[in-house]
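> Let me begin by handing over the structure; questions about it come next.
2 protein chains.
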Amino acid sequence: MTKDDRELAPPRDYAALREMVIARWEDLPRRLTQVAEYALGNPDDIAFGTAASIAAKAQVQPSTLVRFSQALGYQGFSDLQDVFRSRLRDQVLGYDERMAKLGAHGQAVSRASMILAGFADASMRSLSALRNRPDEDAMDRALDLLEGAETIYLIGLRRSFPVTSYMAYALAKLGIRTLLIDAVAGLASEQAGFVTARDAAITISFTPYASETVALTQQVRDKGAKVVAITDSVFSPLAGLSDSWFEVAEADFEGFRTLNATMTLAMALTVALADRRKAG
Amino acid sequence: MTKDDRELAPPRDYAALREMVIARWEDLPRRLTQVAEYALGNPDDIAFGTAASIAAKAQVQPSTLVRFSQALGYQGFSDLQDVFRSRLRDQVLGYDERMAKLGAHGQAVSRASMILAGFADASMRSLSALRNRPDEDAMDRALDLLEGAETIYLIGLRRSFPVTSYMAYALAKLGIRTLLIDAVAGLASEQAGFVTARDAAITISFTPYASETVALTQQVRDKGAKVVAITDSVFSPLAGLSDSWFEVAEADFEGFRTLNATMTLAMALTVALADRRKAG
DNA sequence: ATTTTTATGGAATAAATATTCCACTTATGC
DNA sequence: GCATAAGTGGAATATTTATTCCATAAAAAT
């Protein structure tokens with residue numbers, strides 16, 4: 001079975017694995033074909049099941065699963081199973097083509113470009129999650145609150161400041177009156193002090209929630225302004241302080257959170273708001 | 001903790017489980033709250049991981065996971081894990097329907113969420129382009145220039161300001177000295193005036209290139225500082241003014257340019273730089 | 001302040017799961 | 001048809017993984 005040359009490079013992504021199995025279909029022994037057939041037909045079961053349960057369903061012995069895995073070059077069944085699991089993860093996020101691509105040319109790259117690729121991937125994951133969440137009416141609810149506002153106050157410091165500063169720029173370009181709380185000269189509270197019940201605020205914060213952001217949000221809320229929040233979990237202090245809020249899940253790469261999903265949501269919110277005002 | 005009445009009906013589906021955890025959030029002890037937060041934030045990890053690996057990521061003991069599960073009325077961790085797994089299964093199955101819906105395009109979806117989807121798609125296109133361009137050594141060249149810099153000056157106004165402000169935040173967190181030219185009080189030129197030949201600058205600008213950004217870049221260059229630029233074409237005035245530059249192509253949606261590729265590149269540059277300095 | 005209850009970390013144990021091994025069968029080459 | 005090689009089932013074993021237990025710490029009640 002010309003083991004030596006095959007065993008060196010077991011595919012790490014499902015697409016390649018599938019191809020390999022199909023290619024070698026012919027020269028696999030009887031029971032192993034049986035396993036191959038079951039595996040390709042019920043990839044989910046492979047991902048979730050135990051060797052024993054899968055073996056039963058495929059009508060073979062557990063040991064056959066191990067042999068199958070090893071024949072393909074994997075260390076054992078668990079090793080093979082990892083591939084099926086990663087496939088599931090990716091499918092949930094919605095793109096297995098790009099993983100195939102990743103496996104195809106994933107070598108001889110510098111550390112720097114690996115970091116870049118890592119961030120790009122993390123970002124795409126975040127965006128995919130954002131896109132696929134059918135948050136249908138969260139968006140509409142937020143727009144209802146923002147549409148009639150006289151001035152929109154933008155609250156977001158530290159890590160969130162890039163987002164609010166972007167919105168300030170874009171909304172201003174679109175002719176929507178905003179006030180960016182930038183805390184210049186330590187005047188954050190004074191900047192927020194002019195808010196009235198005819199205004200609305202967009203407030204953005206993530207773990208660990210900057211206490212100043214929370215305080216400012218509380219402040220504008222007390223004055224009767226509507227509050228739309230963008231944050232990262234139900235447990236965020238902003239969730240309780242807002243009339244409508246978005247949950248954004250940012251993927252991370254080596255502990256550094258991406259900002260893209262938040263940024264994209266902000267952009268969409270900005271344009272959708274302008275769109276509504278024009279229509280209205 | 002009034003165990004008896006709760007333990008009889010542990011939810012079998014993820015949605016109900018999630019609700020239950022949120023409801024009982026308050027009266028859970030410290031470590032269990034920690035687990036709850038991690039679980040709801042990273043449901044995929046719970047589905048696939050082992051008790052030990054999850055415990056490590058959530059920074060608790062494996063036994064705490066078991067206790068958490070039991071506090072919720074499950075028999076043990078494995079029992080709880082089943083719920084998370086079934087969620088994944090369902091999501092996978094629901095994916096096809098979702099794609100079909102997407103293909104049928106635009107009926108019964110609100111205008112707002114179409115805008116969101118549009119931006120998400122545009123962003124993913126930008127990122128995909130960024131990722132697949134094998135700009136191998138542009139990154140390394142830039143890092144060479146930045147590595148030895150005493151202070152890194154960040155130049156980027158208007159649309160690019162979110163990016164520079166993000167870098168200022170992230171680099172500061174990583175212990176790298178920066179100076180963000182924010183043009184507060186109209187002092188941009190004065191802020192940039194302190195630059196020396198031992199410093200470096202990162203300058204960012206896109207069509208239509210803000211004249212002030214170009215002028216500032218020229219200024220720091222004249223003083224002998226190294227310049228790394230992020231811009232959108234060879235014809236950019238920044239290309240000629242820099243020692244190394246990145247070309248970033250941002251996709252647009254209905255005329256509005258996304259900022260994600262730039263943001264992601266900035267993030268990668270930031271982390272890669274910190275990585276180098278640590279290594280060096 | 002003192003006792004009692006509850007929570008926690010970490011090691012010990014139990015359970016499950018994968019893997020290896022070997023006797024036996026089937027196929028292949030001579 | 002005989003000898004050799006490859007394949008297979010199932011039990012034995014090794015490993016991994018969840019769970020329980022206990023000593024200690026923190027909180028709550030008295």
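As they're listed, the protein sequences go chains A and B. If you use full-length UniProt numbering, the first sequence closes out at 280, no skipped numbers anywhere. If you use full-length UniProt numbering, the second sequence closes out at 280, no skipped numbers anywhere. Just so it is clear, CB atoms sit at the ideal spot from N, CA and C, and this is done for glycine as well.
What does the alpha-carbon distance come out to for the pair Phe-256/B and Met-20/B?
The sequence position of residue 256/B within the second sequence is 256, counting from 1. The sequence position of residue 20/B within the second sequence is 20, counting from 1. Their Cα atoms are separated by approximately 41 angstroms.
> Quick check: what's the CA-CA separation for Leu-40/B versus Ser-244/A?
Position 40 of the second sequence holds residue 40/B. Position 244 of the first sequence holds residue 244/A. So the two alpha carbons sit approximately 20 angstroms from each other.
> Are Leu-154/A and Leu-187/A close, meaning C-beta to C-beta below 7 angstroms?
On the first sequence, residue 154/A is found 154 positions in, with the first residue counted as 1. On the first sequence, residue 187/A is found 187 positions in, with the first residue counted as 1. Going by C-beta atoms, Leu-154/A is not nearer than 7 angstroms to Leu-187/A.
> What is the DSSP secondary structure of Asp-232/B, counted as helix, strand or coil?
Along the second sequence, one-based indexing puts residue 232/B at 232. Coil, per DSSP.
> Tell whether a beta-carbon distance below 7 angstroms holds between Met-167/B and Thr-270/B.
As a working mapping, residue 167/B is identified with position 167 in the second sequence. As a working mapping, residue 270/B is identified with position 270 in the second sequence. Cβ atoms of Met-167/B and Thr-270/B: closer than 7 angstroms.
> Compare the C-alpha of Ala-183/B against each of Glu-37/B, Gln-191/B and Arg-177/B and name the closest.
Residue numbering aside, residue 183/B sits at position 183 when the second sequence is read from its first letter. The shortest Cα separation from Ala-183/B among Glu-37/B, Gln-191/B and Arg-177/B belongs to Gln-191/B.
> Measuring CA to CA, which of Ala-225/A, Ser-242/A and Ser-126/A is closest to Thr-258/A?
Locating residue 258/A in the first sequence gives position 258, where the first residue counts as 1. Of the candidates Ala-225/A, Ser-242/A and Ser-126/A, the one whose C-alpha sits nearest the C-alpha of Thr-258/A is Ser-126/A.
> From the beta carbon of Leu-130/A, is the nearest beta carbon of chain B less than 7 angstroms away?
The residue labelled residue 130/A in the question sits at position 130 within the first sequence. Leu-130/A counts as touching chain B.
> Given this structure, state the Cα-to-Cα distance separating Arg-131/B from Gly-118/A, to the nearest angstrom.
The residue you call residue 131/B lines up with position 131 of the second sequence. The residue you call residue 118/A lines up with position 118 of the first sequence. Roughly 9 angstroms separates the two Cα atoms.
> Quick one: measure Cβ to Cβ for Thr-196/B and Ala-225/B, integer angstroms, because I've assumed they're closer than 8 angstroms.
Sequence index remark: in the second sequence, residue 196/B carries index 196 (1-based). Sequence index remark: in the second sequence, residue 225/B carries index 225 (1-based). The Cβ separation is near 7 angstroms, so the contact holds.
> Does DSSP classify Glu-247/A as helix, strand or coil?
Residue 247/A sits at position 247 when you count from the first residue of the first sequence. In this structure, Glu-247/A counts as strand in the three-state DSSP scheme.
> Taking Cβ positions only, does Leu-216/A come closer than 7 angstroms to chain B?
The residue labelled residue 216/A in the question sits at position 216 within the first sequence. Answer no: the Cβ-Cβ gap between Leu-216/A and chain B never drops below 7 angstroms.
> Who are the Cβ neighbours of Ala-138/B in its own chain at under 7 angstroms, not counting the five residues just before and after it?
Taking the first residue of the second sequence as 1, we reach residue 138/B at position 138. Cβ within range, chain order: Ser-244 and Phe-246.
> Within the 7 angstroms Cβ cut-off, does Asp-140/B reach chain A?
Here residue 140/B corresponds to residue number 140 of the second sequence, with the count starting at 1. Yes, its Cβ sits closer than 7 angstroms to a Cβ of chain A.
> Compile a chain-ordered list of the residues in the stretch 231 to 249 of chain B whose CB is closer than 8 angstroms to at least one CB of chain A.
Residues passing the 8 angstroms Cβ filter: none.
> Let me know if Ser-113/A comes out buried or exposed under the rule of 16 or more other beta-carbons within 10 Å of its beta-carbon.
The residue you call residue 113/A lines up with position 113 of the first sequence. By the neighbour-count rule (16 or more Cβ atoms within 10 Å), Ser-113/A is buried.
> Looking at C-beta atoms only, is the number of pairs between the stretch 20 to 33 of chain B and the stretch 197 to 207 of chain A that lie closer than 8 angstroms three or more?
These segments do not touch.
> Tell me which same chain residues have a C-beta within less than 8 angstroms of the C-beta of residue 291/B, skipping the five on either side of it?
An answer regarding residue 291/B cannot be provided, because it is not within the stretch 1 to 280 covered by chain B.
> Would the beta-carbon of Tyr-74/B fall within 7 angstroms of that of Pro-10/B?
In the second sequence, the residue the question calls residue 74/B occupies position 74. In the second sequence, the residue the question calls residue 10/B occupies position 10. In contact: Tyr-74/B and Pro-10/B (Cβ atoms closer than 7 angstroms).
> I'd like to confirm the pairing. Which residues does DSSP put opposite Tyr-166/B in its beta bridges?
Your numbering for residue 166/B matches position 166 in the second sequence. DSSP lists no partner for Tyr-166/B.
> Nearest chain B C-beta to Pro-162/A closer than 7 angstroms, yes or no?
Looking up residue 162/A in the first sequence gives position 162. Yes - at least one Cβ of chain B is within 7 angstroms of the one on Pro-162/A.
> Alpha carbon to alpha carbon, how far is Val-163/B from Met-267/B? Give it in angstroms, no decimals.
As a working mapping, residue 267/B is identified with position 267 in the second sequence. As a working mapping, residue 163/B is identified with position 163 in the second sequence. Those two C-alpha atoms are separated by around 9 angstroms.
> By how many angstroms is the C-alpha of Leu-174/A removed from the C-alpha of Arg-276/A?
Numbered from 1 along the first sequence, position 276 holds the residue referred to as residue 276/A. Numbered from 1 along the first sequence, position 174 holds the residue referred to as residue 174/A. Rounded to whole angstroms, Arg-276/A to Leu-174/A spans 12 angstroms at the Cα level.
> Pick from Ala-149/B, Gly-49/B and Ala-249/B: whose alpha carbon is nearest that of Ser-205/B?
Counting from one through the second sequence, the residue named residue 205/B turns up at place 205. Of the candidates Ala-149/B, Gly-49/B and Ala-249/B, the one whose C-alpha sits nearest the C-alpha of Ser-205/B is Ala-249/B.
> Can Tyr-38/B and Ala-58/B be called in contact, C-beta distance under 7 angstroms?
Here residue 38/B corresponds to residue number 38 of the second sequence, with the count starting at 1. Here residue 58/B corresponds to residue number 58 of the second sequence, with the count starting at 1. Against a cut-off of 7 angstroms, the Cβ pair of Ala-58/B and Tyr-38/B comes out as a contact.
> So Tyr-169/B contacts chain A; which residues on that side make the cut at Cβ distance below 9 angstroms?
For this step, residue 169/B is matched to residue 169 along the second sequence. Arg-158, Arg-159, Phe-161 and Pro-162, listed in chain order.
> Given a threshold of 16 other Cβ atoms within 10 Å of its Cβ, counted over all protein chains shown, does Ser-211/A qualify as buried or as exposed?
As a first step, residue 211/A must be located in the first sequence, where it is residue number 211. Exposed, since its Cβ has fewer than 16 Cβ neighbours within 10 Å.
> Run through chain B and tell me which residues come within less than 7 angstroms of Ser-123/A, C-beta to C-beta.
Translated into positions along the first sequence, residue 123/A becomes position 123. Under the 7 angstroms cutoff, chain B gives Leu-127, Asn-260 and Thr-264.
> In chain B, which residues lie with their C-beta within 7 angstroms of the C-beta of Ile-176/A?
One-based indexing of the first sequence puts residue 176/A at position 176. The premise fails here: Ile-176/A is roughly 14 angstroms from chain B at the closest Cβ pair, so nothing lies under 7 angstroms.
> Hey, residue 281/A and Pro-62/A: beta-carbon distance below 7 angstroms or not?
Chain A is shown only over 1 to 280; residue 281/A falls outside these bounds and no answer can be derived.
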